[in-house]
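Protein chains: 2
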Amino acid sequence: MINKINIALVDDHNLFRKGLIRLINMGDTQQRYHILFEADNGNQFKDKMVTPPFPDIILMDIDMPEVDGFEAVEWLQRTHGDVKVLVMTMLESESAILRMLRMGVRGYIHKDIEVEELQAALETIAANGFYYSEAASEVLQQNLNGLERSGNKVHLSENEREFIKWATTDLTYQQIADKMNLSVKTIDGYREALFKKLGVKTRVTLALYAVKHGLVEL
Amino acid sequence: MINKINIALVDDHNLFRKGLIRLINMGDTQQRYHILFEADNGNQFKDKMVTPPFPDIILMDIDMPEVDGFEAVEWLQRTHGDVKVLVMTMLESESAILRMLRMGVRGYIHKDIEVEELQAALETIAANGFYYSEAASEVLQQNLNGLERSGNKVHLSENEREFIKWATTDLTYQQIADKMNLSVKTIDGYREALFKKLGVKTRVTLALYAVKHGLVEL
DNA sequence: CCTGAAAAGAGGATTTTTCCCCTATTTGAT
DNA sequence: ATCAAATAGGGGAAAAATCCTCTTTTCAGG
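Each protein sequence line maps, in turn, to chains A and B. Take UniProt numbering: the final residue in the first sequence is number 218, and no numbers are missing along the way. Take UniProt numbering: the final residue in the second sequence is number 218, and no numbers are missing along the way.
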């Protein structure tokens with residue numbers, strides 16, 4: 001047990017991070033864990049992931065400003081595929097859980113858990129395992145046997161995801177097109193494709209769908 | 001300094017509470033603070049406030065299930081007027097801040113603050129003072145001269161409430177008018193009034209407002 | 001390496017809906 | 001009597017939504 005396990009925290013609540021550090025250290029009688037760095041959001045996190053040392057485990061929130069947890073994990077899988085991610089969030093929607101599991105995170109737990117569960121999760125992941133909360137396990141279960149049939153697997157492209165976020169604002173499609181450096185016509189194509197895929201008829205219900213499925217935060 | 005200062009925590013994130021306790025104790029070199037109890041939400045909090053001992057200071061979140069922070073503080077002012085409340089929340093909307101200040105809380109701070117600020121707030125309040133974050137102070141300032149007039153507690157009429165529900169569907173205004181047995185023009189009046197009152201610019205953000213504030217279920 | 005089908009990006013044209021501003025009744029409370 | 005709401009209308013600009021066509025890119029299979 002010579003090498004410490006390096007941990008990084010990515011969460012936009014400073015106080016939550018600081019408290020978490022205390023909690024981790026508290027249960028860490030053998031001084032195995034070392035908090036390598038903290039980050040306020042995905043952007044700051046990316047910045048800190050360019051130069052070594054890199055963390056072994058990352059505790060990642062989802063709902064954060066600028067770059068959210070989904071984007072951060074996606075980026076991470078591309079650039080640092082070996083780093084283990086433990087998602088800690090308030091979001092327990094099926095789509096949020098599935099999206100994270102699909103990207104191969106090592107654990108998914110709710111923020112409102114007992115300290116013991118957090119420590120169990122950390123130890124499991126440190127020991128190269130996977131730790132899923134009850135809610136996450138259920139979702140996993142239900143989606144294992146029946147993955148293909150019920151066409152609920154609506155795949156959204158990156159651009160579609162980004163568009164959906166803008167669609168929940170007061171911006172017009174023209175303004176969204178400018179933001180995304182694309183033609184309004186392309187944007188309009190995304191809109192139409194999403195209406196079909198998601199079974200909605202207006203931008204209003206598209207926005208509500210996005211909220212319901214954790215694609216955007218309120 | 002014989003008597004300890006009893007503190008109660010009301011917040012629905014267990015992990016946040018536990019971390020907070022660590023943070024409070026950490027800065028408490030003289031062992032002045034004692035965590036009397038914790039509560040998951042306003043209901044549980046009320047239950048714990050029926051039998052002594054009572055806390056001196058309550059750290060209160062706003063966004064909680066069942067009974068939220070507003071209700072809890074309101075109840076507290078009626079039943080335990082002497083207990084000091086320090087609001088700790090992610091909400092920095094003017095209306096939230098004002099509502100709490102009007103009810104006479106002793107402090108209002110954002111959850112995303114430095115540990116030092118938390119400790120300063122606690123000490124100030126323990127010393128019988130008031131501690132407002134910068135955001136809260138600004139709101140206070142702006143509302144000192146002109147307190148009565150603009151009742152910002154947005155009152156919605158019954159029809160406006162019903163309209164808002166329909167507005168979160170795929171129905172057009174014409175169809176909503178039919179549903180409500182009113183002229184499209186009347187509906188359009190509701191729309192415009194609500195846009196003004198709620199500070200939104202499109203039906204999309206109106207719908208999101210409705211969801212956010214529990215006017216409609218997702 | 002080539003190819004052909006699919007997906008992504010973009011344009012034109014048109015209709016429907018949303019949004020905005022201004023005016024006019026009616027009703028009820030002060 | 002007056003003032004403020006709720007209801008309703010007209011007219012018009014802006015945005016959203018629908019439908020069709022057209023290139024360019026991408027990528028798997030021959």
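For every residue, glycine included, the Cβ atom is placed at its ideal position computed from N, Cα and C.
Reduced DSSP secondary structure (H/G/I, E/B, other) of residue i
| i | result |
| --- | --- |
| A:Val204 | helix |
| A:Ile113 | coil |
| B:Asn25 | helix |
| B:Met103 | coil |
| B:Ala96 | helix |
| B:Leu198 | helix |
| A:Gly151 | Confidence at A:Gly151 is low in this model, with a pLDDT of 40, below 50, so its placement is unreliable and the value that follows should be read with caution. Correct three-state label for A:Gly151: coil. |
| B:Ile164 | helix |
| A:Lys84 | strand |
| A:Ala127 | coil |
| A:Phe70 | helix |
| B:Thr172 | coil |
| A:Met180 | helix |
| B:Phe45 | helix |
| A:Glu38 | strand |
| A:Val211 | helix |
| B:Asn6 | strand |
| A:Ile62 | coil |
| B:Thr51 | coil |
| A:Gly146 | In this prediction, A:Gly146 scores a pLDDT of 39, lower than 50, which makes its location untrustworthy; no coordinate-derived value is stated. |
Residue-chain proximity (residue i, chain A), Cβ-Cβ < 8 Å
| i | result |
| --- | --- |
| B:Met26 | yes |
| B:Phe16 | yes |
| B:Arg22 | yes |
| B:Val83 | no |
| B:Asp61 | no |
| B:His155 | no |
| B:Leu218 | yes |
| B:Leu118 | yes |
| B:Val115 | yes |
CB of residue i within 8 Å of CB of residue j, strictly
| i | j | result |
| --- | --- | --- |
| B:Leu9 | B:Leu86 | no |
| A:Arg22 | B:Met26 | yes |
| A:Gly104 | A:Tyr132 | no |
| residue 229 of chain B | A:Leu208 | In the structure as shown, chain B begins at 1 and stops at 218. Residue 229 of chain B is therefore absent and cannot be evaluated. |
| A:Asp61 | A:Asp12 | yes |
| A:Trp166 | A:Lys185 | no |
| A:Ala127 | A:Ile57 | no |
| B:Val211 | A:Val115 | no |
| A:Phe45 | A:Ala72 | yes |
| B:Ala135 | B:His110 | yes |
| B:Ile176 | B:Phe195 | no |
| B:Asp63 | B:Leu91 | yes |
| A:Pro55 | A:Ile7 | yes |
Expected contact under 8 Å - CB spacing of residue i and residue j to nearest Å
| i | j | result |
| --- | --- | --- |
| A:Ile113 | B:Leu15 | 6 Å |
| A:Glu158 | A:Tyr190 | Contact flag wrong, Cβ pair sits at about 11 Å. |
| B:Glu66 | B:Asn43 | 5 Å |
| A:Asp99 | A:Phe70 | Correcting the residue type first, residue 99 of chain A is Arg in the shown sequence and not Asp. Sure, about 6 Å apart at Cβ, within 8 Å. |
| B:Val216 | A:Val204 | The Cβ separation is near 11 Å, so there is no contact. |
| A:Gly214 | A:Ser95 | 5 Å |
| B:Leu122 | B:Ile24 | 7 Å |
Min CB distance residue i to chain B below 8 Å
| i | result |
| --- | --- |
| A:Val67 | no |
| A:Thr89 | no |
| A:Val184 | no |
| A:Gly19 | yes |
| A:Asp12 | yes |
Cβ-heavy atom distance, residue i to the ligand ATP, below 7 Å
| i | result |
| --- | --- |
| B:Gly69 | Ligands are entirely absent from the displayed structure, and the ligand ATP is therefore not among its contents. |
Practice task
Taking a Cβ distance cut-off of 8 Å, strictly less, list which residues of the segment 198-215 of chain B are near chain A, in chain order.
Solution key: For the segment 198-215 of chain B, the set of residues with a beta-carbon nearer than 8 Å to any beta-carbon of chain A comprises Val200, Lys201, Thr202, Arg203, Val204, Thr205, Ala207, Leu208, Val211, Lys212, in chain order.
Problem - Contact list for the segment 102-113 of chain A against chain B, Cβ threshold 8 Å - result: When CB distances to chain B are screened at a threshold of 8 Å, the residues of the segment 102-113 of chain A falling below it are Lys111, Asp112, Ile113, in chain order.
Practice task
Could you run through the segment 158-186 of chain A and flag, in chain order, every residue whose CB is less than 8 Å away from some CB of chain B?
Solution key: Per Cβ criterion, the list reads Ala167, Thr168, Thr169, Asp170.
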